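Asker: In terms of my numbering, the sequence shown opens at residue 697 and continues consecutively.
Think of the CB as a built atom: it goes at the ideal place given N, C-alpha and C, for glycine as much as any other residue.
Please read these numbers as outputs of a predicted model, since none were measured by experiment.
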Amino acid sequence: MTVIRASELSEFGYCQKKWFLNRTTPKDSAFTSSHLLKGQQVHDELDRQFMAKVTTSIRFQTFMEATRRVVMRPDASDAVFRTQVGEVLLIGKPDELWSDSTGIYVVEDKPHFSAWEGYRLQVMAYAFIIFRENQRKLGLLGKKVFGLLRNRDTGEIFWRRPYTKEIDRVIEGKLLAMHKCLTVRDLTEKVTNKRKCAGCRFEQKCWGNVQR
Ligand code: SF4
Numbered sequence: 697m698t699v700i701r702a703s704e705l706s707e708f709g710y711c712q713k714k715w716f717l718n719r720t721t722p723k724d725s726a727f728t729s730s731h732l733l734k735g736q737q738v739h740d741e742l743d744r745q746f747m748a749k750v751t752t753s754i755r756f757q758t759f760m761e762a763t764r765r766v767v768m769r770p771d772a773s774d775a776v777f778r779t780q781v782g783e784v785l786l787i788g789k790p791d792e793l794w795s796d797s798t799g800i801y802v803v804e805d806k807p808h809f810s811a812w813e814g815y816r817l818q819v820m821a822y823a824f825i826i827f828r829e830n831q832r833k834l835g836l837l838g839k840k841v842f843g844l845l846r847n848r849d850t851g852e853i854f855w856r857r858p859y860t861k862e863i864d865r866v867i868e869g870k871l872l873a874m875h876k877c878l879t880v881r882d883l884t885e886k887v888t889n890k891r892k893c894a895g896c897r898f899e900q901k902c903w904g905n906v907q908r
């Protein structure tokens with residue numbers, strides 16, 4: 697079984713080879729010390745603010761049934777999200793979930809205002825888990841699943857889409873492609889944007905660097 701975190705789809709959407717090399721190369725402290733630590737600090741602060749406001753935890757099944765707006769931060773609870781697709785176990789915890797009479801809203805905080813492909817894939821991978829694991833109940837409740845991207849500094853929602861069958865097929869296809877990358881080293885997708893390779897952690901060792 698190959699375990700893939702929903703957050704990995706963000707990097708896979710940016711560059712297949714970068715995702716593969718990150719997954720198979722030990723991380724150095726210089727890489728983990730800057731933007732990842734800043735992101736973690738912001739995330740921890742948002743969790744702290746949320747926990748200061750909320751006095752009771754809620755089970756996910758009860759959360760799904762809510763008819764008035766309820767907010768859940770999975771990292772601040774014991775909720776675990778996972779679903780299996782063939783040989784892949786997809787796991788992940790979105791930054792925040794909302795539930796109301798019309799749907800379940802998956803909210804992912806990002807440091808930008810651009811809905812890049814990787815960001816869209818990541819938030820829809822969480823939606824994929826929730827949809828696949830609760831399809832029947834969602835149908836009974838008459839609720840749809842939505843993916844939302846929010847700027848982590850201003851709180852502004854800058855991208856929002858309903859989860860659809862087409863998106864379901866895209867996410868499943870990406871998961872199977874990631875599995876193929878890991879099992880048979882199928883890494884043929886090419887980067888065309890030179891700016892992606894400029895300053896990339898792997899620019900020296902990557903065979904797909906388009907700057908050369
Ligand atoms: S050098 Fe370019 S192709 Fe290679 S991993 Fe980095 S971004 Fe991807």
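1. Kindly indicate which three-state DSSP category E783 falls into: helix, strand or coil?
2. Can you round the beta-carbon distance between V803 and P790 to whole angstroms, since I take them to be within the 8 Å contact cut?
3. Looking at K714: is its Cβ nearer than 8 Å to the Cβ of C896?
4. Cβ of E792 within 7 Å of any heavy atom in ligand 1?
5. Buried or exposed, going by whether 16 or more other CB atoms sit within 10 Å of the CB of V841?
6. Could you give the uninterrupted runs of the beta strand (DSSP E) lying entirely in the stretch 806-884, keeping only those of 3 residues or more?
7. Closest to M760 by C-alpha separation, out of A821, R701 and L836, would be which residue?
8. Around the C-beta of G851, are 16 or more other C-beta atoms found within 10 angstroms, so that it is buried, or is it exposed?
9. Taking C-alpha atoms, which residue in F827, E899, L871 and K892 lies nearest to M697?
10. In whole angstroms, what separates the C-alpha of S703 from that of P770?
11. So which residues touch the region around ligand 1, with touch meaning a C-beta under 6 Å from any heavy atom?
12. Would I825 and F777 be called neighbours here (beta carbons separated by less than 8 Å)?
13. Using a Cβ-Cβ cutoff of less than 6 Å, which residues in the same chain neighbour P858 once the five nearest sequence positions on both sides are dropped?
14. Any idea what DSSP makes of R719, helix, strand or coil?
15. With C-beta atoms as the reference, is G788 less than 8 Å away from R701?
16. Would A894 be called buried (16 or more neighbouring beta carbons within 10 Å of its own) or exposed?
17. Are there 16 or more other CB atoms within 10 angstroms of the CB of K861, so buried, or fewer, so exposed?
18. Can you give me the start and stop residues for the beta strand (DSSP E) that S797 sits inside?
Answerer: Quick answer:
1. The answer is coil: DSSP assigns E783 none of H, G, I, E or B.
2. 7 Å
3. yes
4. Remark: the shortest separation between the CB of E792 and any heavy atom of ligand 1 does not fall under 7 Å.
5. buried
6. 840-847 and 853-858
7. L836
8. The residue in question, G851, is exposed, as its Cβ has fewer than 16 Cβ neighbours within 10 Å.
9. L871
10. 14 Å
11. C711, K713, K714, L717, V887, K892, C893, C896, F898, E899, C902, G904 and N905
12. yes
13. Excluding residues within five positions, the ones whose Cβ falls inside 6 Å are K840 and F842.
14. helix
15. yes
16. exposed
17. Exposed, by the Cβ-count rule.
18. First-last for S797: undefined, no H or E at that position.
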